[in-house]
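For reference, the structure is listed below as structure tokens.
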Amino acid sequence: YQRRVHGNTWNNTHIATVGKAMASDEETAYRILQKLDVDYVLVIFGGLISYQSDDINKFLWMVRIGGTLDPNIKEENYVTGHSNLIDSQATKTMLNSLMYKMCYYRFADVTQGSGKTRGYDAVRDSVIGELDVQLNRLEEAFTSEHWIVRIYKVKPEENRP
């Protein structure tokens with residue numbers, strides 16, 4: 001049995017719920033993922049090799065769609081006066097979002113070649129705002145060679161196997 005969301009528009013509430021999960025902090029997102037019975041979460045990330053059609057570049061759409069379900073999710077909580085969502089001026093809400101954490105988990109540990117600063121995102125031409133990203137409720141299951149595909153396993157609840 002396979003559950004997909006991307007490209008599946010059978011239920012607007014379901015899509016908004018996924019948007020809300022990606023825009024939420026990890027604990028809130030974990031509760032949402034548990035309710036949706038999700039085992040794995042996939043993100044597309046281009047920051048290592050300049051792949052511009054990644055999920056961070058599409059993230060504000062997830063925020064907007066998630067905000068249709070939860071009025072507490074507001075675009076202004078994720079953006080500042082400048083256009084870069086992820087750098088040292090990123091909002092606390094953005095830095096704590098599940099999307100940010102899944103894209104940038106272990107990213108600062110990657111060697112990117114001479115002259116590149118630790119945590120440098122080539123798409124957004126910036127060093128990420130949080131270098132030490134931690135995940136507690138998800139664990140990395142797979143990251144492709146160039147980091148475009150990242151898959152995370154949702155950990156089971158502590159009182160469940």
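If you're matching positions, the sequence shown starts at 1 in the numbering used here and goes up one per residue. All C-beta atoms, glycine included, are put in the ideal place defined by N, C-alpha and C. Keep in mind that this is a model prediction, so the values were computed, not measured.
With respect to the beta strand (DSSP E) encompassing residue i, which residues constitute its N-terminal and C-terminal limits?
i	result
F142	138-143
Y104	Run containing Y104: none in the beta strand (DSSP E); it sits in the alpha helix (DSSP H), 98-104.
I166	Beyond the ends of the chain as shown, which are 1 and 161, falls residue 166; an answer cannot be given.
Please report how far the alpha carbon of residue i lies from the alpha carbon of residue j, in whole angstroms.
i	j	result
Q34	L48	30 Å
I44	A90	20 Å
D55	Y152	15 Å
S50	T13	32 Å
Y30	V154	8 Å
W103	N72	Looking at the sequence itself, residue 103 is Cys, so the reference to Trp does not match. Spanning the two alpha carbons is a distance of roughly 23 Å.
T117	V127	7 Å
V41	N96	17 Å
R124	S88	12 Å
R137	G113	31 Å
A122	M99	17 Å
M22	V63	8 Å
Q134	E75	24 Å
K101	L36	20 Å
Would you grab the beta carbon distance between residue i and residue j for me? Rounded to a whole angstrom, and I think it's under 8 Å.
i	j	result
A16	L69	4 Å
Y105	E140	6 Å
A108	G119	4 Å
What does a CB cutoff of less than 7 Å around residue i pick up in its chain, not counting 5 residues either side in sequence?
i	result
K20	I32, G66, L69, D70, I73
Ordered along the chain, which non-local residues of its own chain (more than five positions away) have a Cβ less than 6 Å from that of residue i?
i	result
T143	R150
W147	F45, L48
Taking the alpha helix (DSSP H) that residue i falls in, what are its first and last residues?
i	result
V18	12-23
Please go through the same chain and pick out, in chain order, the residues whose beta-carbon is closer than 8 Å to the beta-carbon of residue i, but skip the five residues on each side of it.
i	result
V79	L60, L85, T91, M94
V110	L48, W147
Which residue spans inside the stretch 35-81 form an unbroken alpha helix (DSSP H) run of at least 4?
55-67
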